[in-house]
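Going line by line, the protein sequences match chains H and U. Each step along the first sequence adds one to the number in my numbering, with nothing skipped, and position 40 is 90. Each step along the second sequence adds one to the number in my numbering, with nothing skipped, and position 156 is 206.
2 protein chains.
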Amino acid sequence: MVEELNKDQTTEQKILAAARAVFIEQGLAGARMQDIADRAGINKALLHYYFRSKEKLFDMVFEEAAMKFLPRISILFEADIPIFDKIRTFVEHYINLMMENPFIPIFVLNEVHKNPAEFITRIWGGRMPPVREFAAQIQREIEAGNIKPIHPFHLMINMISMCIFPFVGRPIATSVFELSNEQFMVLMEQRKKLVAEFVIDAIKA
Amino acid sequence: MVEELNKDQTTEQKILAAARAVFIEQGLAGARMQDIADRAGINKALLHYYFRSKEKLFDMVFEEAAMKFLPRISILFEADIPIFDKIRTFVEHYINLMMENPFIPIFVLNEVHKNPAEFITRIWGGRMPPVREFAAQIQREIEAGNIKPIHPFHLMINMISMCIFPFVGRPIATSVFELSNEQFMVLMEQRKKLVAEFVIDAIKA
DNA sequence: CTTTGGTTTAACTATTTGGTTAAACTGTAT
DNA sequence: ATACAGTTTAACCAAATAGTTAAACCAAAG
């Protein structure tokens, strides 16, 4: 996927698109400002004219990526709908997001891994995902005898794992199972329904 | 210079241990030879005396890590034991491995992501994990009506996702759920049984 | 004692890389 | 035409970094 040569794009947009591509592919340490300039079709001087430093540019790209990675599913979590429907909606929503941004997860996870301390404060300025609401609902459903007892942590981690991990381990998975990119995407498409039903079958009483 | 039972590590071992730590923490691009030398308690000259280049050293560390990441479960996969027991053994085995090497997955996955082409040829010189055996067994179990129909890819990816992903997303998970390292490890310990039963409940007919 | 292999010290080279600068150029709006 | 923001060119600087080199050091083996 090369850069789109839109005359419509402003230079700033071209730079950000290029930076996105290079940072996501190479990481902060592996990315070169020259590469970003080349990819944006401009020169280094102009790149620094728009963004003073590599760090500034990286911050923008990373923040944007992190936001995509931790999507705005607050409404979903807080919505007053049955748990199984909530699971179905969550999984479909999340896998859709991953299919649209397949390389965001490994990028974000790796940069967070290299600098865990900074991450927590920077990305979520105190506002964490409303995980408590969902956890409470799970507790209620367990007490009502609708689903088997399970710690909300495990249920959520299981769901999220199955949504994200295939994209993180994509090159290995496609190599082991000898899949083309098209076949991989078909399987991911299937997972939108499959993972939800897998989870529901696993927990329903 | 024959048999010297080293109470202490040899210099080569010290270097490899240091390299492991630094590469796994910082990645190939982020790692500094000086850091590795410091961590090994030696100097840069000696470091290059033992390992000619950064690449050579990285190769060793990466290969070792990749081997741990894709463990020798061939025997397990080929063993003629019931599918549910196989799942239980696999999950426990794999999560144990992850608990012993918690930072291997993100390291390997990220380096593979940065260079997918090289990976396939380098790590598995043609010899891939015997995934076909396991897939065949799943097919047989489905036809025998013991488990619900599911593509072996999805079943395996689901299992592996739930085993590995918590470690890949560890800093985020611990931050969202406000977990100490001890609490995190307790939860991972629980998962050895929990994930297996989760999978079995999800697929049993 | 002498040799020898591992080790240190410390300086050095070559290259990469983030970032800067100044001058010239270009199109558009005033 | 003129002014100006955006852009290019090309050189440059300073720091970091991989890798080298040579001399000296040291402990153990012959």
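Each residue gets a CB set at the ideal place from its N, CA and C atoms; glycine is no exception.
Collapsed DSSP secondary structure at residue i in the structure displayed
i: residue 137 of chain H; result: helix
i: residue 198 of chain H; result: coil
i: residue 53 of chain H; result: Only weak support is given to the placement of residue 53 of chain H: the predicted model assigns it a pLDDT of 36, under 50, and the value that follows is read from those uncertain coordinates. Residue 53 of chain H: coil per DSSP, three-state reduction.
i: residue 245 of chain U; result: helix
Environment of residue i [buried if 16+ CB atoms lie within 10 Å]
i: residue 164 of chain U; result: buried
i: residue 65 of chain H; result: buried
i: residue 191 of chain U; result: buried
i: residue 280 of chain H; result: Only positions 51 to 255 of chain H appear in the structure, and residue 280 of chain H is not among them; the question remains open.
i: residue 231 of chain U; result: exposed
i: residue 187 of chain H; result: buried
i: residue 168 of chain U; result: exposed
i: residue 113 of chain U; result: exposed
i: residue 220 of chain H; result: buried
i: residue 97 of chain U; result: buried
i: residue 115 of chain H; result: buried
i: residue 87 of chain H; result: buried
Proximity to residue i [Cα-Cα], best of the options
i: residue 63 of chain U; options: U/253, U/140, U/185, U/110; result: U/110
i: residue 196 of chain U; options: U/224, U/134, U/144; result: U/134
i: residue 223 of chain H; options: U/206, U/141, U/114, U/103; result: U/206
i: residue 204 of chain H; options: H/220, H/84, H/219, H/181; result: H/181
i: residue 127 of chain U; options: U/160, U/179, U/59, U/95; result: U/179
i: residue 117 of chain U; options: U/173, U/200, U/100, U/97; result: U/173
i: residue 108 of chain H; options: H/72, H/159, H/99; result: H/72
i: residue 78 of chain U; options: U/105, U/100, U/59, U/97; result: U/105
i: residue 225 of chain U; options: H/225, H/166, H/94; result: H/166
i: residue 81 of chain U; options: U/95, U/103, U/227; result: U/103
i: residue 227 of chain H; options: U/183, U/141, U/87, U/227; result: U/183
i: residue 74 of chain H; options: H/160, H/200, H/229; result: H/160
Own chain, CB closer than 7 Å to residue i, minus 5 neighbours either side, in chain order
i: residue 170 of chain U; result: none
i: residue 37 of chain U; result: Since the first residue of chain U shown is 51 and the last is 255, residue 37 of chain U is not available in this structure.
i: residue 215 of chain U; result: none
i: residue 119 of chain U; result: 154, 155, 158
i: residue 89 of chain U; result: 68, 71, 72
i: residue 99 of chain H; result: none
i: residue 76 of chain U; result: none
i: residue 1 of chain U; result: There is simply no residue 1 of chain U to check, as chain U begins at 51 and stops at 255 in what is shown.
i: residue 141 of chain U; result: 209, 213, 242, 245, 246
Own chain residues within Cβ distance below 8 Å of residue i, not counting five before or after
i: residue 92 of chain H; result: 61, 64, 65
i: residue 235 of chain U; result: 149
i: residue 145 of chain H; result: 213, 238, 241, 242, 245
i: residue 137 of chain H; result: 209, 246, 249, 250
i: residue 139 of chain U; result: 126, 131
i: residue 4 of chain U; result: An answer regarding residue 4 of chain U cannot be provided, because it is not within the stretch 51 to 255 covered by chain U.
i: residue 200 of chain U; result: 188, 192, 253
i: residue 129 of chain U; result: 136
i: residue 59 of chain U; result: 67
Cutoff 6 Å; reference residue i; Cβ partners in own chain excluding five residues on either side
i: residue 217 of chain U; result: 148, 152, 155
i: residue 274 of chain H; result: In the structure as shown, chain H begins at 51 and stops at 255. Residue 274 of chain H is therefore absent and cannot be evaluated.
i: residue 198 of chain U; result: 253, 255
i: residue 85 of chain U; result: 72
i: residue 233 of chain U; result: none
i: residue 229 of chain H; result: none
i: residue 162 of chain H; result: 169
i: residue 101 of chain H; result: 107
Output, in sequence order along the chain, the residues in the segment 221-232 of chain U whose CB is closer than 9 Å to any CB in chain H. 221, 222, 223, 224, 225, 226, 227, 228, 229
What residues in the segment 182-208 of chain U bring their beta carbon closer than 8 Å to a beta carbon of chain H? 198, 200, 201, 203, 204, 207, 208
Output, in sequence order along the chain, the residues in the segment 241-252 of chain U whose CB is closer than 8 Å to any CB in chain H. 241, 244, 245, 248, 249, 251, 252
Within 9 Å of chain U by C-beta, residues of the segment 73-88 of chain H in sequence order: 75, 76, 77, 78, 79, 80, 81
Residues of the segment 103-115 of chain U with Cβ closer than 9 Å to any Cβ of chain H, in chain order: none
Using Cβ-Cβ distances below 7 Å, what residues of the segment 138-157 of chain U are close to chain H? 156
Chain H contacts made by the segment 160-175 of chain U, where a contact means CB separation under 7 Å: 160, 162, 163, 164, 166, 169, 170
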